[in-house]
């Protein structure tokens, strides 16, 4: 088990993503990301370090962040052991990269990506290591070619590790990013996996790397196609309304958010995923036949987007 190799990969992934996003921001005469490096003080419940990189009020990104964290703690929180009760109470080590990007233009989708490693360290037993992560897309004004590209890129990243992984992880993503209280998907999905170790450490780590490396090819072409699409107050208003669904999911259901808060993580970094402008309305419905209604009829219902490899 070489956790240093995992750390090195994750830091390199964060660096590559930030460099690409800053280049896209500068094309929009935007801003560079600010960096907040942190180290846990001795005596705190969690030990470790990390690096939060964030842009707010940019030209392309109204708010976006990409976090690296590496922490060790005395006891796994409930959100991390809900599928592994035998590890409840064990010390742990966790590291990962997580990003959420909220573009300014409503025609550019919001996106989330996360790759991570957990190691439970039960006393007197061998470490139990697993990987998790994935990526998912949340459009406001869907375009079928964009959604197909995103899913095809996810599929191709997983194909070397088995033809069953993309269908399995897509279904897991569709089930996970679902607002049960609204009976509605958050977006058009992607792939999601957790508690994954079935390929052994090296191959499972390689699969996680493939997912992480696929993020920029999956998302940046969509940004380039849509970043200059004209929009007005109607589109911005609908974007703010749909962002409310994003907030609801992250605060009620998201395991990463719950793990960070339950384990005593840095609140500012954990809540980096929150969009800057959000609206809620009572029992609002889109106008029939409108572009807003098409999101609900054509994109949020579960569909097979990738086609055959």
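In the numbering used here, the protein residues as written are 427 to 735.
A virtual CB, placed ideally from N, CA and C, is assigned to each residue, including glycine.
For a quick check, are the C-beta atoms of residue 611 and residue 620 less than 9 Å apart? Within the chain shown, numbered from 1, the residue matching residue 611 stands at position 185. Within the chain shown, numbered from 1, the residue matching residue 620 stands at position 194. Not a contact, by the Cβ cut-off of 9 Å.
Round the Cβ separation of residue 522 and residue 543 to the nearest angstrom and send it over; I've been treating them as touching at under 8 Å. Residue mapping note: residue 522 aligns to position 96 of the chain shown, counting from 1. Residue mapping note: residue 543 aligns to position 117 of the chain shown, counting from 1. Approximately 7 Å separates the beta-carbon atoms of residue 522 and residue 543; this is inside 8 Å, confirming the contact.
For residue 565, count neighbouring Cβ atoms within 10 angstroms of its own Cβ and tell me buried if that reaches 16, exposed if not. Taking the chain shown and counting its residues from 1, the one referred to as residue 565 is at position 139. By the neighbour-count rule (16 or more Cβ atoms within 10 Å), residue 565 is buried.
Can you check which of these residues, 526, 445 and 438, is closest to residue 683 by C-alpha distance? Taking the first residue of the chain shown as position 1, residue 683 is located at position 257. It is 526.
With burial defined as no fewer than 16 other Cβ atoms inside 10 Å of the residue's Cβ, what is the status of residue 655: buried or exposed? Sequence index remark: in the chain shown, residue 655 carries index 229 (1-based). So residue 655 counts as exposed.
Residue 493 - partner residues in DSSP beta bridges: Counting from one through the chain shown, the residue named residue 493 turns up at place 67. The bridge partners DSSP lists for residue 493 are 478 and 524.
Which residues DSSP lists as bridging residue 618, in chain order: Residue mapping note: residue 618 aligns to position 192 of the chain shown, counting from 1. Note: residue 618 sits in a beta bridge opposite 560.
Around the Cβ of residue 461, are there at least 16 other Cβ atoms within 10 angstroms (buried) or fewer (exposed)? For the purposes of this step, residue 461 is taken as the residue at position 35 of the chain shown. Under the 10 Å beta carbon count, residue 461 is surrounded by fewer than 16 other beta carbons and is classified as exposed.
On the DSSP letters alone, give me the boundaries of the alpha helix (DSSP H) that residue 706 sits inside. By one-based count along the chain shown, residue 706 stands at place 280. Here residue 706 belongs to no alpha helix (DSSP H), and DSSP marks it neither H nor E.
Looking at the unbroken alpha helix (DSSP H) that takes in residue 462, where does it start and where does it end? Numbered from 1 along the chain shown, position 36 holds the residue referred to as residue 462. For residue 462, no alpha helix (DSSP H) encloses it; the enclosing beta strand (DSSP E) starts and ends at 460-465.
Short Cβ contact (9 Å threshold) for residue 534 with residue 648: As a position in the chain shown, residue 534 is number 108, starting the count at 1. As a position in the chain shown, residue 648 is number 222, starting the count at 1. Between residue 534 and residue 648, the CB-CB gap stays under 9 Å.
Please report the straight-line C-alpha distance between residue 676 and residue 538, rounded to a whole angstrom. Start at 1 with the first residue of the chain shown, and residue 676 comes out as number 250. Start at 1 with the first residue of the chain shown, and residue 538 comes out as number 112. Here the alpha carbons of residue 538 and residue 676 stand approximately 11 Å from one another.
Might you give, ordered along the chain, the residues of its own chain that have their beta carbon closer than 7 Å to the beta carbon of residue 602, omitting 5 neighbours on each side? For this step, residue 602 is matched to residue 176 along the chain shown. 618.
Could you work out which residue in 428, 587 and 496 is closest to residue 477 when comparing CA atoms only? Taking the first residue of the chain shown as position 1, residue 477 is located at position 51. Of the candidates 428, 587 and 496, the one whose C-alpha sits nearest the C-alpha of residue 477 is 496.
Along the chain, where does the alpha helix (DSSP H) containing residue 700 start, and where does it finish? As a working mapping, residue 700 is identified with position 274 in the chain shown. No alpha helix (DSSP H) contains residue 700, which DSSP labels as neither H nor E.
Once DSSP output is grouped into helix, strand and coil, what is the label at residue 473? Here residue 473 corresponds to residue number 47 of the chain shown, with the count starting at 1. It is a strand residue.
Residue burial classification, residue 536 (beta-carbon count within 10 angstroms, cutoff 16): As a position in the chain shown, residue 536 is number 110, starting the count at 1. By the Cβ-count criterion, residue 536 is buried, with 16 or more other Cβ atoms from all chains shown falling within 10 Å of its own Cβ.
Can you give me the Cβ contacts of residue 499 inside the same chain, cut-off strictly under 7 Å, excluding the 5 residues immediately before and after it? By one-based count along the chain shown, residue 499 stands at place 73. Taking residue 499 as the centre and dropping the five residues before and after it, the same chain places the C-beta of 471, 472, 517, 518 and 689 closer than 7 Å to its C-beta, in chain order.
Would residue 559 be called buried (16 or more neighbouring beta carbons within 10 Å of its own) or exposed? Translated into positions along the chain shown, residue 559 becomes position 133. Buried, by the Cβ-count rule.
Answer yes or no: do residue 480 and residue 459 have a C-beta to C-beta separation smaller than 9 Å? Here residue 480 refers to the residue found at position 54 when the chain shown is read from its first residue. Here residue 459 refers to the residue found at position 33 when the chain shown is read from its first residue. A Cβ-Cβ contact shorter than 9 Å links residue 480 with residue 459.
Residue 463: which of 487, 593, 588 and 492 sits nearest, CA to CA? Taking the first residue of the chain shown as position 1, residue 463 is located at position 37. Closest option to residue 463, Cα to Cα, is 492.
For residue 704, which residues in the same chain have their Cβ closer than 7 Å to its Cβ, ignoring the five residues on either side in sequence? If you number the chain shown from 1, residue 704 lands on position 278. Counting only Cβ-Cβ distances below 7 Å, and skipping sequence neighbours, we find 666, 669, 670 and 673.
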